[in-house]
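Each residue of the sequence shown is one higher than the last, beginning at 978 in the working numbering. For each residue, glycine too, the CB sits at the ideal point set by N, CA and C. These notes are about the structure you will find just below.
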Amino acid sequence: MKNHQTQVRVRYSETDQMGVVYHGNYVPYFEIGRVEWLRNKGISYASMEESGIGLPIVSMQINYKKSARYDELLTIHTTFKSQSSVKIEFDCEIYNEANELLTTAVFILVFISLKSGRPTAPPDYILELFKTLT
């Protein structure tokens, strides 16, 4: 399964005085989606880091279509797009409770060695996962 959905409720602290989500708060929402995508596939981000592998963002493109608002239940759609050598790419979308598309994004992340900070091949267990997705 290439995609996964998870939900998050907009907290008051994530909004401005008009109850609209501040644009910078979408990045953490998308991160929740990616972490839960991995967890859904049996991969704990925490254990990956404990084994010395990090997965930082090297590129992101976000398109805002409509505002999310305080107390809305948002559904984050995270879809595996591709993987090549040390990179992984995700397409992401956020919908509100009325199933209106609010935001789209594309993220490219790179597997790195936390010890050296240099790009590294994904661990074998992640490569095995990728084989099931293509």
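Nearest-angstrom Cα separation, counted from residue j out to residue i
i	j	result
T1097	A1045	37 Å
D1001	G1010	Checking the sequence, you will find Gly at residue 1001 rather than Asp. Between G1001 and G1010, the C-alpha separation is close to 15 Å.
Close beta carbons around residue i, own chain, < 7 Å, minus the five adjacent residues each side
i	result
D1068	T1056, K1058 and V1083
For residue i, three-class secondary structure by DSSP
i	result
G1031	strand
A1098	coil
S1090	strand
Extent of the continuous alpha helix (DSSP H) to which residue i belongs
i	result
V997	Where V997 is concerned, there is no enclosing alpha helix (DSSP H), given that its DSSP letter is neither H nor E.
R1046	Looking at the DSSP string, R1046 is not in any alpha helix (DSSP H), and its letter there is neither H nor E.
Whether residue i touches residue j by CB criterion (8 Å)
i	j	result
R986	D1048	yes
V1035	L1086	yes
I1039	Q982	no
L1079	K1043	yes
Delimiting residues of the beta strand (DSSP E) encompassing residue i
i	result
Y1072	K1064 to Y1072
N980	N980 to R986
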